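Here the structure comes first, spelled out in structure tokens, and everything after it is commentary.
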Amino acid sequence: MKIIVSFSLLICLAACQTRHKEEKENSGKPNIIIINMDDLGYGDVGAYGATELKTPNFDRLANGGIRFTNGHSTSSTCTPSRFALITGVYPWRNSEAKILPGTAPLIIDTAQATIASVLKGAGYRTGVVGKWHLGLGDGHADWNKPISPGPNQLGFDYAYIMAATQDRVPTVYIEDGSVVGLDPNDPIEVSYEQNFEGEPTALTHPEMLTMKWHHGHNQSIVNGVPRIGFMKGGKKALWKDEDMADHFLAKARDFVESNKNQPFFLYYAMQQPHVPRTPHPRFAGTTGLGPRGDVIAEADWCVGEFLKTLEDNKLLENTLIIFTSDNGPVVNDGYHDDAVEKLGKHTPAGPLRGGKYSLFEGGTRVPFITYWKGTIQPGVSDALVCQVDLMASLSALAGQSYSGQDSQDLLDVLLGKSSRGRANLVLEASGRTALREGDWLLIPPYKGQAVNKHVNIELGNALEYQLYDLGKDLAQQHNLAKENEEKVKQMAQTLESIQGKPAGDVPELELK
Ligand code: NG6
Ligand code: CA
């Protein structure tokens, strides 16, 4: 008896010691939060120069942390951008990393390391709340059953997401693989190929619409808003668009509250100001810029409320917050929502040329802020940094070793201890790539259209090489390729050697 008692005491002691050891090891680790906006432009933030729109809470992060003037997403659209952020791998290495339909399979191999899996390995509790858009399941998802693989198979302990975008079906929330609030007697069916018999679409039932489509977005109607893709059933599970921001905020706060006693990582992927822009009535009409401005005000408020949660729990001094956006801005992205009419003097891309979908700076140069109360000294950094570097940098912060060919450990730069950013960076826009090297940007020749007329954005395509000196010409008005043949040649070779194949669809140097 005695022996058994002392033996179990020993086991208990050993277990306690291990737990204490883990707690001790973990206690030095800061929490990490990435707030990733959807289509928020460089010029949409007060601290980045917006004058027509007030963003006091984004500014609080920017002015109390480091405001990067040269921070990039890897790509000017969502899926590739988010793929790179989460995996630390350039998106053009994955042919599936392009704007996905809501039915797409998960495009990240579950064996692939992600920020979440690395941090989980370092003892963090990991969560994602908000927009996913990296595919779910194996491509034949039955939305009425648990869907796998998804974020939970990539290292996220907790996931509360929308599958794709706010304008794509299925328009339901998914928690840890299961549709939230689904009535089994009203199963969900989703297709991107054909409509379900008898279901109204924007084309057959325009009278049902509360928001009009401009281009695309004329399939299933949910809450009066026409979407991309067809969907049937799941009526009780449908999200309410106007409540989405509050809903994700509540989930993000819950995640913090329930994990505050241990290191946690939260990827808070907000849905604004992507279309359809559906501000809560509290924000509708408040900015005078139409729903696009109103949802930015709403998102700014959400960030303020979220910061309050961190503050109330005394977590601000022990939490690194990274605030950024998945790609540049677009004004008309497919709905008539007054964004164009009410834009006034507001410039969503700030001083940059192009926007979402573009290889010009407006496509990928985005708000990029690091904030850590008491640890990061407020300031402005011009260092070239990219979301693809978060993988290596955050691994380093958590004391994990990481080796990958694309993601660079820029932790010192993110914390303001160094101003040495990347030497070069490959940017992507719908399969096209460009190379940044120092202040130089090289765009190889591309045959595609110069301007996407639907969204009214210059894409960066030209039949000749474009070379810009962004240090002197941020607005990309002067193509210096002809005067700098050697530079063009050298950069084209660098791009080719990084990609392992010639860039552009006009392979030979055509400088004439
Ligand atoms: C485009 C949609 C656009 C938006 C985008 C994805 C049309 C005509 N346009 O195809 O509205 O949904 O995809 O945006 O359908 S992203 O930010 O997720 O990349
Ligand atoms: Ca986006």
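Using the numbering used here, the first residue of the sequence shown is number 4, and each one after it goes up by one.
Every residue gets a Cβ at the ideal spot worked out from N, C-alpha and C, and that includes glycine.
Please read all numbers here as calculations on a predicted model, not as lab measurements.
#### Entry: For Gly201 and Thr327, the rounded distance between their alpha carbons
Your numbering for residue 327 matches position 324 in the sequence shown. Your numbering for residue 201 matches position 198 in the sequence shown. Cα to Cα, Thr327 sits roughly 42 Å from Gly201.
### Nearest residue (CA-CA) to Pro149, options Ser384, Ile460, Asp179
On the sequence shown, position 146 is the one that residue 149 refers to. Closest option to Pro149, Cα to Cα, is Asp179.
### Message
For Met234, report the span of its beta strand (DSSP E) as first-last.
### Response
To locate residue 234, count along the sequence shown from 1; it is residue 231. Counting along the chain, the beta strand (DSSP E) containing Met234 begins and ends at 233-235.
### Task
Tell whether a beta-carbon distance below 9 Å holds between Lys123 and Phe159.
Here residue 123 refers to the residue found at position 120 of the sequence shown. Here residue 159 refers to the residue found at position 156 of the sequence shown. A Cβ-Cβ contact shorter than 9 Å links Lys123 with Phe159.
### Task
Identify every run of the beta strand (DSSP E) within the segment 19-97, keeping only runs that are complete inside it and at least 3 residues long; order them along the chain.
34-40, 69-71
### Message
Helix, strand or coil, according to DSSP, for Leu139 in the structure here?
### Response
Locating residue 139 in the sequence shown gives position 136, where the first residue counts as 1. Reduced to three states, the DSSP call for Leu139 is coil.
### Query
Does the Cβ-Cβ distance between Leu323 and Ile379 come in under 9 Å?
Reading the sequence shown from its first residue, position 320 is the one you call residue 323. Reading the sequence shown from its first residue, position 376 is the one you call residue 379. Yes, the Cβ-Cβ distance between Leu323 and Ile379 is below 9 Å.
### Residue of Ala116, Ala300, Phe286, Asp257 minimising C-alpha distance to Pro48
Counting from one through the sequence shown, the residue named residue 48 turns up at place 45. The residue you asked about is not Pro; residue 48 is Val in the sequence shown. Taking only the C-alpha atoms, the option nearest Val48 is Ala300.
### Message
If the criterion is Cβ atoms closer than 9 Å, does the pair Val383 and Ile69 meet it?
### Response
Position 380 of the sequence shown, counted from the first residue, corresponds to residue 383. Position 66 of the sequence shown, counted from the first residue, corresponds to residue 69. The answer is yes: Cβ separation under 9 Å.
### Message
Bridge partners for Thr290 per DSSP, in chain order?
### Response
The residue given as residue 290 occupies position 287 in the sequence shown. Answer by DSSP bridge pairing: none, since Thr290 is not bridged.
### Query
Considering only C-alpha positions, which residue in the set Thr350, Leu445, Lys485, Gly434 is nearest to Gly451?
The count along the sequence shown starts at 1 and reaches residue 451 at position 448. Comparing Cα positions, the closest option is Gly434.
### Message
For ligand 2, I want to know if Ser181 counts as a neighbour, meaning its beta carbon is within less than 8 Å of at least one of the ligand's heavy atoms.
### Response
Counted from its first residue, the sequence shown places residue 181 at position 178. Flag unset: Cβ of Ser181 not near ligand 2.
### Query
First and last residue of the alpha helix (DSSP H) that includes Ile118?
Here residue 118 refers to the residue found at position 115 of the sequence shown. Where Ile118 is concerned, the enclosing alpha helix (DSSP H) stretches over 118-124.
### Asn316 - DSSP class collapsed to helix/strand/coil
Along the sequence shown, read from residue 1 onward, the residue named residue 316 stands at position 313. Coil, per DSSP.
### Message
Measuring straight from C-alpha to C-alpha, what distance separates Leu346 and Asp189?
### Response
On the sequence shown, position 343 is the one that residue 346 refers to. On the sequence shown, position 186 is the one that residue 189 refers to. Answer to the nearest angstrom: the Cα atoms are 42 Å apart.
### Query
Using the beta carbon as the reference atom, which residues fall closer than 7 Å to any heavy atom of ligand 1, ordered along the chain?
Every residue passing the under-7 Å Cβ criterion appears here: Asp41, Asp42, Thr80, Cys81, Thr82, Ile102, His136, Thr168, Asp170, Arg171, His218, Gly219, His220, Ile231, His277, Val278, Asp329, Asn330, Asp336, Gly337, Lys359, His457.
#### Entry: Residues of its chain near Leu252, where Cβ-Cβ distance is below 8 Å and the 5 sequence neighbours each way are ignored
Position 249 of the sequence shown, counted from the first residue, corresponds to residue 252. Cys305, Glu308, Phe309.
### Residues near Gly293 in its chain [Cβ-Cβ closer than 6 Å; skip 5 each side]
Stepping through the sequence shown from its first residue, residue 293 is reached at position 290. Closer than 6 Å at the Cβ level, and outside the excluded window around Gly293, lie Asp341, Ala342, Lys345.
#### Entry: Close beta carbons around Thr72, own chain, < 6 Å, minus the five adjacent residues each side
For this step, residue 72 is matched to residue 69 along the sequence shown. Here the set comprises Asp385.
### Query
Quick one: what's got a C-beta closer than 7 Å to Glu25's C-beta in the same chain, skipping five residues either side?
For the purposes of this step, residue 25 is taken as residue 22 along the sequence shown, with counting starting at 1. For Glu25, the predicted model reports a pLDDT of 47, less than 50, meaning its position is unreliable and no value from the coordinates is stated.
### Query
Roughly how many angstroms separate the alpha carbons of Lys57 and Ile177, rounded to a whole number?
For this step, residue 57 is matched to residue 54 along the sequence shown. For this step, residue 177 is matched to residue 174 along the sequence shown. Computed Cα separation, rounded: 32 Å.
### Message
In whole angstroms, give me the CA-to-CA distance for Asp442 and Ala116.
### Response
By one-based count along the sequence shown, residue 442 stands at place 439. By one-based count along the sequence shown, residue 116 stands at place 113. About 31 Å.
#### Entry: CA nearest to the CA of Ala272, picked from Thr129, Thr289, Ile38
Against the sequence shown, residue 272 aligns to sequence position 269. The candidate whose alpha carbon is nearest that of Ala272 is Ile38.
### Query
Are the CB atoms of Glu99 and Ile110 nearer to each other than 9 Å?
Here residue 99 refers to the residue found at position 96 of the sequence shown. Here residue 110 refers to the residue found at position 107 of the sequence shown. Cβ atoms of Glu99 and Ile110: closer than 9 Å.
### Query
Starting from Ser398 and walking both ways along the alpha helix (DSSP H), at which residues does that stretch end?
Counting from 1 along the sequence shown, the entry for residue 398 is found at position 395. For Ser398, the enclosing alpha helix (DSSP H) covers residues 393-400.
### Message
If you reduce the DSSP assignment to three classes, tell me which class Ala478 lands in.
### Response
Counting from one through the sequence shown, the residue named residue 478 turns up at place 475. Residue state, collapsed to three classes: coil.
### Task
Would you list the residues sitting across from Ile224 in a DSSP beta bridge?
What you label residue 224 is simply residue 221 of the sequence shown in a count that begins at 1. Pro229.
#### Entry: C-alpha distance - Ala453 paired with Gly52, whole-angstrom precision
Reading the sequence shown from its first residue, position 450 is the one you call residue 453. Reading the sequence shown from its first residue, position 49 is the one you call residue 52. Approximately 27 Å, taken between the alpha carbons.
### Query
In angstroms, rounded to a whole number, what distance separates the CA positions of Ala248 and Lys101?
Here residue 248 is taken as the residue at index 245 of the sequence shown, counted from 1. Here residue 101 is taken as the residue at index 98 of the sequence shown, counted from 1. Using only the alpha carbons, I get a separation of about 25 Å.
### Task
With a 10 Å radius around its C-beta and 16 neighbouring C-beta atoms as the bar for buried, classify Asp186 as buried or exposed.
Counting from 1 along the sequence shown, the entry for residue 186 is found at position 183. Exposed, by the Cβ-count rule.
### Task
Please go through the segment 451-495 and give each complete beta strand (DSSP E) segment of 3 or more residues, from N-terminal end onward.
Qualifying beta strand (DSSP E) stretches, in chain order: 469-472.
### Task
Measure from the alpha carbon of Asn198 to the alpha carbon of each residue in Val172, Leu400, Tyr45, then state which is nearest.
As a working mapping, residue 198 is identified with position 195 in the sequence shown. Among Val172, Leu400, Tyr45, the Cα nearest to that of Asn198 belongs to Val172.
### Query
Hey, how far is the Cα of Thr174 from the Cα of Pro108?
For the purposes of this step, residue 174 is identified with residue 171 of the sequence shown, where counting begins at 1. For the purposes of this step, residue 108 is identified with residue 105 of the sequence shown, where counting begins at 1. Cα to Cα, the separation comes out at about 17 Å.
### Query
When the Cα atoms are used, what is the spatial distance from Glu55 to Lys348?
Position 52 of the sequence shown, counted from the first residue, corresponds to residue 55. Position 345 of the sequence shown, counted from the first residue, corresponds to residue 348. Roughly 7 Å separates the two Cα atoms.
### Message
For Met211, count the other beta carbons within 10 Å of its own beta carbon; 16 or more makes it buried, fewer makes it exposed. Which is it?
### Response
As a working mapping, residue 211 is identified with position 208 in the sequence shown. It counts as exposed.
### Query
Looking only at its own chain, which residues have a Cβ that is under 7 Å from the Cβ of Pro505, when we skip the five neighbours before and after it?
By one-based count along the sequence shown, residue 505 stands at place 502. Taken in chain order, the residues that qualify are Glu499.
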